[in-house]
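Residues in the sequence shown are numbered from 150 upward in steps of one, following our numbering. Encoded as structure tokens, the structure appears first; notes follow it.
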Amino acid sequence: MITLLFAFYATSGAGIKPIIGIDNPVPNVPAHGEWGLNLRIEPSGWIKFGIVVGLFDFFSLGVEYGGNNVVGYGDVNWGNDLWVEVRGLLYNDGENSLLIGYSSIPYGDLFQNGKGVFAVLGRDQGIGIGRLGISGGLNYAIHESRLDGFADVYLNFGQVHYFILEYILNSGTNHMNVLSLGYLNHSLSLGIQFDLKDITGGNMGREIQVFYRESF
């Protein structure tokens with residue numbers, strides 16, 4: 150899938166750290182008092198709207214809602230429920246971090262009822278030309294009763310450029326080992342990300358996400 154992500158960020162001199170790779174959570178949360186809006190337009194025709202708030206430096210809460218066929222002809226098929234994501238940062242020393250959470254936000258055909266309960270361990274370290282972030286985690290999709298694994302690597306340089314490599318095991322299905330690539334560019338409040346999703350699966354798709362992040 151190709152993902153086009155427009156991201157509006159409140160940035161500091163040190164730049165911002167993403168809270169997702171492409172579809173996977175990475176072990177970061179919005180800062181205390183930071184809030185964000187997002188719009189996600191998926192290849193299947195779903196459009197989702199969301200808001201996330203950093204309630205503490207270690208805890209955030211997000212809510213999303215959406216529907217299918219929002220743009221086009223015919224009736225809109227709205228979702229039956231609000232989707233939620235709760236994150237708690239258990240450990241963070243500036244480089245190493247451990248995140249746990251729960252998400253019912255669906256992601257295409259891989260997790261139609263959300264990732265469920267997840268835990269992510271990661272490291273973000275300077276490498277001369279910029280910073281390298283590596284993370285890996287496990288999630289238990291409650292509705293599917295399925296344990297899965299995932300990993301992300303991102304290279305950040307010039308504070309505004311991110312190259313992202315993402316992997317999803319997608320265990321217990323006929324379509325395992327999903328690999329995706331992404332590029333994010335953000336400067337001041339404006340950013341744009343291009344993703345190639347499922348690059349080895351023979352059926353890449355396209356989606357668009359738009360973000361706005363600000364502080365109270």
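Glycine residues also receive a C-beta, built at the ideal position from the N, C-alpha and C atoms.
Buried or exposed, going by whether 16 or more other CB atoms sit within 10 Å of the CB of residue i?
{"i": "Glu244", "result": "exposed"}
{"i": "His292", "result": "exposed"}
{"i": "Gln274", "result": "exposed"}
{"i": "Gly263", "result": "buried"}
{"i": "Leu231", "result": "exposed"}
{"i": "Ser161", "result": "With a pLDDT of only 37 at Ser161, under the threshold of 50, the placement of this residue in the model should not be trusted, and no figure is reported."}
{"i": "Gly221", "result": "exposed"}
{"i": "Tyr240", "result": "exposed"}
{"i": "Ile317", "result": "buried"}
{"i": "Asp224", "result": "exposed"}
{"i": "Ile168", "result": "buried"}
Just tell me which of the options has its CA closest to the CA of residue i.
{"i": "Arg272", "options": "Ala300, Ser246, Tyr361", "result": "Ser246"}
{"i": "Ser364", "options": "Gly182, Asp172, His310", "result": "Gly182"}
{"i": "Ile249", "options": "Leu231, Glu234, Ala268", "result": "Ala268"}
{"i": "Phe343", "options": "Gly350, Ser320, Leu314", "result": "Leu314"}
{"i": "Asn288", "options": "Tyr303, Gly298, Gly170, Gly282", "result": "Gly298"}
{"i": "Ile276", "options": "Gln261, Ala180, Gly307, Leu270", "result": "Gly307"}
{"i": "Gly215", "options": "Glu234, Gly199, Leu281", "result": "Gly199"}
Which residues mark the beginning and the end of the beta strand (DSSP E) in which residue i is found?
{"i": "Ser246", "result": "245–252"}
{"i": "His324", "result": "Neither: His324 is in no beta strand (DSSP E) and is coded neither H nor E."}
{"i": "Ser364", "result": "355–364"}
{"i": "Gln274", "result": "265–275"}
Just confirm the distance between the C-beta atoms of residue i and residue j, as a whole number of angstroms; I'd bet it's less than 8 Å.
{"i": "Phe360", "j": "Asn187", "result": "5 Å"}
When DSSP builds the beta bridges, which residues end up paired with residue i?
{"i": "Val302", "result": "Ile283, Leu314"}
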